[in-house]
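Trainee:
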RNA sequence: GGGCGAGUAGCUCAGUUGGUUAGAGCGCCUGCCUUACACGCAGGAUGUCGGGGGUUCGAGUCCCUCCUCGCCCACCA
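Numbering (our numbering), first residue to last: 8 to 948.
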């Protein structure tokens with residue numbers, strides 16, 4: 008502890024900004040975030056490892072609320088496990104983010120009037136590298152501001168030499184296992200990024216477009232059977248220039264005569280065959296005839312292959328009309344070089360001019376967009392590298408089915424399974440420059456294709472000259488190795504790999520379930536033979552008050568660093584974690600930060616003030632350990648708060664849940680347990696605020712003001728309970744708890760150390776029974792209620808008369824009376840009233856009367872409700888009676904034919920129990936009547 | 001078209017295997033600057049649990065049906 012912090016008086020106001028940066032520095036310097044492989048049980052140590060690999064933010068990213076949420080959750084878990092004695096490793100890092108980063112640099116170049124091609128590959132990569140070195144990783148610095156307790160010594164980067172080696176190893180292994188292959192087919196192509204995309208990267212959206220009906224003239228002898236024209240519908244008329252056939256369903260009677268004939272493709276004036284294809288054509292849709300454009304449509308490609316058709320390319324990589332491979336001169340000069348959307352309009356005009364456009368109608372259809380630049384994706388025929396996914400998916404499916412992996416919230420499991428079952432091969436090659444170059448070499452002489460872990464310069468087969476594949480790998484190809492590549496794989500003897508793989512929990516957003524999570528699981532099995540983690544926690548998205556996802560581009564974002572400087576990192580963390588119900592979205596108001604974050608800030612202030620109270624009233628001198636106190640010296644309030652602490656500890660631990668499955672497989676009971684962060688926070692908050700602060704602190708005041716043994720007991724209990732509270736809360740609000748922890752009285756002069764590594768509280772079984780203090784609380788609450796209800800002014804004291812129960816003879820009730828009497832002074836203090844024992848002159852049956860000091864209130868034993876001036880009703884007692892009667896009736900009903908055995912039961916007037924309209928309608932009354940009615944009807948009376 | 005989910009207080013959500021008067025936070029109302037805290041204290045109000053039907057002594061919870069939203073996947077041009 009720094010001397011300054013220890014000696015400082017607690018200022019009236021907690022200054023988060025000043026405290027937090029100093030505390031973080033202290034944490035980092037002390038090395039408490041550092042995980043040690045040799046302490047892991049798997050490496051011969053004696054601690055359970057608990058590992059989270061951080062979803063690596065893009066290296067170009069700056070912190071936004073989504074990161075804030077994601078990392079706050081991870082930090083809560085890591086800090087919890089660290090305190091629980093695990094060897095906790097939170098491994099941070101960044102992703103080189105292929106397309107995203109390349110786009111950033113390309114934009115810079117555009118501003119300079121250049122393209123990447125002007126610069127050349129080598130210079131472009133060099134420029135990107137140095138830019139990343141200069142500005143990249145900002146986000147990792149920013150994560151410190153929100154208190155992320157990462158092991159920064161293990162910071163990883165997907166494009167580092169180590170991880171690049173892992174990428175090559177993975178690729179070559181898959182190649183050798185026959186799971187990577189080169190495919191010639193129609194893939195998703197982004198005409199702006201000039202690269203192919205995986206299915207996942209081409210985002211689907213429903214859009215209103217147009218459906219153009221184009222008439223093709225059928226060439227056949229005059230008078231022959233069948234139609235003169237065939238009309239086909241298309242949403243992309245410009246692609247018709249690449250048509251090679253018209254397909255109809257073989258059973259479609261409309262076209263019986265013309266199959267085998269040809270039709271003339273308008274504009275291009277090419278004759279194309281009319282073919283029959285059962286698979287590719289739905290005769291019930293539209294006219295039942297489809298134009299076939301094999302080079303520009305994935306379905307048509309299949310049809311084309313089946314029928315051995317040519318595949319003319321009429322669109323350039325950047326989406327302009329061209330006469331590409333096999334196109335001959337289909338595209339007329341007037342269209343050449345036009346952008347696809349301009350060409351679309353032109354083609355439509357031309358068709359109209361030659362009267363071959365039947366009609367145009369509005370049409371909603373699916374359109375795919377590039378996930379990085381939002382351009383409309385173009386299907387394009389090309390050669391790409393693919394990963395065969397079916398074999399990889401099998402163990403990933405089995406692991407979930409066997410319970411070795413669980414998803415929280417549960418519902419994502421079905422989504423995951425659904426995707427894996429229908430999984431398709433993964434296009435992993437990108438025509439980009441920024442990324443891991445594909446480790447494939449082609450021999451210029453013999454054509455041999457070689458996959459190699461190291462660079463080669465001659466063909467291993469013929470010794471000829473080789474050249475490396477120019478493409479790079481999908482950025483997610485490095486991401487899916489993250490849980491083990493960051494731990495040293497492919498070096499299987501790596502200490503980290505042995506100590507920390509498999510990891511434990513993966514915390515991320517559902518958006519990247521397919522991109523990343525599913526593939527990591529497949530990768531884990533493919534390369535490590537084991538699941539990468541046993542828990543996948545998918546949290547919600549940060550949204551504004553209109554439920555719109557927060558994003559910088561929409562301008563509805565909140566800068567977490569603004570929040571940190573205004574309210575503190577603790578307030579930020581508290582807000583997001585407390586607001587995070589299982590799977591719930593997190594709603595924040597970008598226009599009213601106060602509204603969103605004040606609750607967190609207020610809670611931090613509350614903690615601070617409890618600390619101030621403790622230090623100014625109990626002092627910082629050492630206190631006795633709880634175990635050194637005589638049990639008899641504890642007051643009812645001591646035992647109560649210690650008991651409540653036990654409960655709170657239990658609730659918090661239960662909310663956080665079992666950290667890992669026993670024996671690697673989740674039991675059905677534990678499968679859905681835990682990671683209920685909002686419940687954890689709420690339990691801890693409720694305990695600290697509503698029980699410790701509202702009751703115990705109030706109750707302990709006079710004892711601290713006194714002296715002697717009881718003061719010492721009070722100090723010890725207060726310090727113990729508050730210390731445990733700080734530890735419970737530390738995962739959520741690490742800074743304030745650290746600040747207060749260091750100032751707390753110790754139990755013997757030994758230094759406390761940092762709360763980061765303090766022990767997570769465990770329940771003390773000694774205080775496991777319900778305390779008599781509840782009776783005191785009920786009495787106080789009832790008195791306060793009456794005071795408010797009868798508008799007794801704050802300044803006016805209330806005299807409460809405590810009397811032995813007039814008719815309650817149960818032991819419990821008499822005990823209650825005794826307790827209330829014994830605690831009379833405490834009740835007086837908490838409820839601000841004066842209590843007198845039942846004295847002569849009062850009338851215990853009818854209640855009593857206004858005294859000189861104000862309203863006279865009668866306390867009965869086992870009190871729940873007090874009615875002044877006219878009656879004394881014990882609701883509990885009445886309810887218990889009614890309930891007993893209901894039970895009895897139920898039993899009677901069960902043994903059919905029973906008669907109503909309870910004369911007077913239905914006659915009892917509930918009137919004098921009535922206090923409000925609501926209670927008048929009270930179910931137990933109503934149900935009693937309903938039940939009685941039923942009994943009567945059953946008995947036939 | 002396939003898969004999944006949601007509808008409970010003004011808002012965001014809990015509600016475990018059916019069982020006393022359906023809860024929490026925020027918001028709202030009333031009264032209080034009570035010597036840790038007005039970033040606070042005390043008290044209070046608020047629900048046809050989406051509609052309809054059914055099973056049951058008893059349904060927010062189970063079954064059927066309808067309505068309304070949302071998410072994911074998908075090659076009907």
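For glycine and all other residues, C-beta sits at the position ideal for the given N, C-alpha and C.
Mind checking residue 381: buried by the 16 CB within 10 Å criterion, or exposed?
Mentor: Position 374 of the first chain, counting from 1, holds the residue named residue 381. Exposed, by the Cβ-count rule.
Trainee: Could you check if residue 786 is buried or exposed, using at least 16 other CB atoms within 10 Å of its CB as the buried criterion?
Mentor: Taking the first residue of the first chain as position 1, residue 786 is located at position 779. Classification for residue 786: buried.
Trainee: Can you tell me whether residue 748 is helix, strand or coil according to DSSP?
Mentor: As a position in the first chain, residue 748 is number 741, starting the count at 1. Of the three classes helix, strand and coil, the one that applies to residue 748 here is helix, per DSSP.
Trainee: Taking just the CA atoms, how far does residue 29 sit from residue 570?
Mentor: Mapped onto the first chain, residue 570 falls at position 563. Mapped onto the first chain, residue 29 falls at position 22. Cα to Cα, the separation comes out at about 18 Å.
Trainee: Could you compute how far the alpha carbon of residue 319 sits from the alpha carbon of residue 389?
Mentor: Within the first chain, the letter at position 312 stands for residue 319. Within the first chain, the letter at position 382 stands for residue 389. Cα to Cα, the separation comes out at about 12 Å.
Trainee: Okay, do the region 159-166 and the region 115-130 touch, 3+ Cβ pairs below 8 Å being the bar?
Mentor: Short answer: they don't touch.
Trainee: Round the Cβ separation of residue 281 and residue 266 to the nearest angstrom and send it over; I've been treating them as touching at under 8 Å.
Mentor: Start at 1 with the first residue of the first chain, and residue 281 comes out as number 274. Start at 1 with the first residue of the first chain, and residue 266 comes out as number 259. The Cβ separation is near 6 Å, so the contact holds.
Trainee: Ends of the beta strand (DSSP E) at residue 449?
Mentor: As a working mapping, residue 449 is identified with position 442 in the first chain. Taken as a continuous stretch (DSSP letters only), the beta strand (DSSP E) holding residue 449 covers 447-450.
Trainee: Determine, using beta carbons only, whether residue 296 and residue 328 come nearer to each other than 8 Å.
Mentor: Position 289 of the first chain holds residue 296. Position 321 of the first chain holds residue 328. In this structure, residue 328 does not lie closer than 8 Å to residue 296 by Cβ.
Trainee: Would you check if the region 744-764 and the region 786-795 touch, i.e. whether three or more CB-CB distances between them fall below 8 Å?
Mentor: No, they do not touch.
Trainee: Grouping DSSP H, G and I as helix and E and B as strand, with all else coil, what is residue 201?
Mentor: Translated into positions along the first chain, residue 201 becomes position 194. Reduced to three states, the DSSP call for residue 201 is coil.
Trainee: Is the beta carbon of residue 525 less than 8 Å from the beta carbon of residue 433?
Mentor: In the first chain, residue 525 corresponds to position 518, counting from 1. In the first chain, residue 433 corresponds to position 426, counting from 1. In this structure, residue 433 does not lie closer than 8 Å to residue 525 by Cβ.
Trainee: Specify the secondary structure class of residue 553 as computed by DSSP and reduced to three states.
Mentor: Here residue 553 is taken as the residue at index 546 of the first chain, counted from 1. Three-state DSSP puts residue 553 in coil, outside helix and strand.
Trainee: Using the Cα positions of residue 509 and residue 469, report the straight-line distance between them to the nearest angstrom.
Mentor: What you label residue 509 is simply residue 502 of the first chain in a count that begins at 1. What you label residue 469 is simply residue 462 of the first chain in a count that begins at 1. For residue 509 and residue 469, the distance between alpha carbons rounds to 43 Å.
Trainee: For residue 25, name the three-state secondary structure that DSSP assigns.
Mentor: Locating residue 25 in the first chain gives position 18, counting from the first residue. In the structure shown, residue 25 sits in a helix (DSSP, three-state: H, G or I).
Trainee: Starting from residue 386, trace the beta strand (DSSP E) in both directions and tell me its first and last residue.
Mentor: Residue numbering aside, residue 386 sits at position 379 when the first chain is read from its first letter. Here the beta strand (DSSP E) through residue 386 covers 385-394.
Trainee: Would you tell me roughly how many angstroms separate the C-alpha atoms of residue 669 and residue 657, rounded to the nearest one?
Mentor: The residue labelled residue 669 in the question sits at position 662 within the first chain. The residue labelled residue 657 in the question sits at position 650 within the first chain. Going from the Cα of residue 669 to the Cα of residue 657 covers about 20 Å.
Trainee: Give every residue of the same chain whose Cβ lies closer than 6 Å to the Cβ of residue 284, excluding the five residues on either side of it in the sequence, and list them in chain order.
Mentor: The count along the first chain starts at 1 and reaches residue 284 at position 277. Correct list, in chain order: 254, 310.
Trainee: Within its chain, find whatever has a CB closer than 7 Å to the CB of residue 768; leave out the 5 residues flanking it on each side and keep chain order.
Mentor: Translated into positions along the first chain, residue 768 becomes position 761. 656, 731, 734, 735.
Trainee: Mind checking whether residue 549 and residue 72 have CB atoms under 8 Å apart?
Mentor: Stepping through the first chain from its first residue, residue 549 is reached at position 542. Stepping through the first chain from its first residue, residue 72 is reached at position 65. In this structure, residue 72 lies closer than 8 Å to residue 549 by Cβ.
Trainee: Could you tell me if residue 96 is buried or exposed, where buried requires 16 or more neighbouring beta carbons within 10 angstroms of its beta carbon?
Mentor: Along the first chain, read from residue 1 onward, the residue named residue 96 stands at position 89. Buried, because 16 or more other Cβ atoms sit within 10 Å of the Cβ of residue 96.
Trainee: In whole angstroms, what separates the C-alpha of residue 671 from that of residue 687?
Mentor: For the purposes of this step, residue 671 is taken as residue 664 along the first chain, with counting starting at 1. For the purposes of this step, residue 687 is taken as residue 680 along the first chain, with counting starting at 1. Answer to the nearest angstrom: the Cα atoms are 25 Å apart.
Trainee: Where in the region 451-508 do unbroken runs of the alpha helix (DSSP H), each at least 4 residues long, occur, reported from the N-terminal end onward?
Mentor: Entirely contained in the region 451-508, the alpha helix (DSSP H) runs reaching 4 residues are, in chain order, 482-486, 489-492, 502-507.
Trainee: To which residues of the same chain is residue 459 closer than 6 Å at the C-beta, ignoring the five residues directly before and after it?
Mentor: In the first chain, counting from the first residue as 1, residue 459 sits at position 452. Counting only Cβ-Cβ distances below 6 Å, and skipping sequence neighbours, we find 446.
Trainee: Quick one: measure Cβ to Cβ for residue 270 and residue 248, integer angstroms, because I've assumed they're closer than 8 Å.
Mentor: By one-based count along the first chain, residue 270 stands at place 263. By one-based count along the first chain, residue 248 stands at place 241. Their Cβ separation, rounded to whole angstroms, is 14 Å, which puts residue 270 and residue 248 out of contact at 8 Å.
Trainee: Quick one: grab the DSSP three-state call for residue 546.
Mentor: On the first chain, residue 546 is found 539 positions in, with the first residue counted as 1. It is coil, neither helix nor strand.
Trainee: Please report the distance separating the alpha-carbon of residue 603 from that of residue 582.
Mentor: In the first chain, the residue the question calls residue 603 occupies position 596. In the first chain, the residue the question calls residue 582 occupies position 575. Residue 603 and residue 582: Cα-Cα distance of roughly 7 Å.
Trainee: Would you kindly report the start and end of the unbroken beta strand (DSSP E) that includes residue 254?
Mentor: Residue 254 sits at position 247 when you count from the first residue of the first chain. From DSSP, the beta strand (DSSP E) with residue 254 extends over 252-255.
Trainee: What did DSSP end up calling residue 321 once you bin it into helix, strand or coil?
Mentor: Within the first chain, numbered from 1, the residue matching residue 321 stands at position 314. Three-state result, residue 321: coil.
Trainee: Is there contact here, the region 334-349 with the region 174-185, by at least three beta-carbon pairs under 8 Å?
Mentor: Touching, no, given that fewer than three Cβ pairs across the two stretches are closer than 8 Å.
Trainee: Kindly provide the ranges of any beta strand (DSSP E) runs that are 3 or more residues long and lie completely inside the region 283-343, ordered along the chain.
Mentor: If we require 3 residues or more, the beta strand (DSSP E) runs fully inside the region 283-343 come out as 296-299.
Trainee: Is DSSP giving residue 266 helix, strand or coil here?
Mentor: By one-based count along the first chain, residue 266 stands at place 259. Coil.
Trainee: When the Cα of residue 784 is compared with those of 746, 456, 834, which residue comes out closest?
Mentor: As a working mapping, residue 784 is identified with position 777 in the first chain. The option with the nearest alpha carbon to residue 784 is 834.
Trainee: For residue 98, which residues does DSSP report across the bridge?
Mentor: Along the first chain, one-based indexing puts residue 98 at 91. 60, per the DSSP bridge assignment.
Trainee: Taking residue 74 as part of the beta strand (DSSP E), name the residues at either end of that continuous run.
Mentor: Indexing the first chain from 1 puts residue 74 at position 67. Per DSSP, residue 74 belongs to no beta strand (DSSP E); it is in the alpha helix (DSSP H), 72-90.
Trainee: Beta carbon of residue 1, beta carbon of residue 66: below 8 Å?
Mentor: The question about residue 1 has no answer, for the chain in this structure spans 8 to 948.
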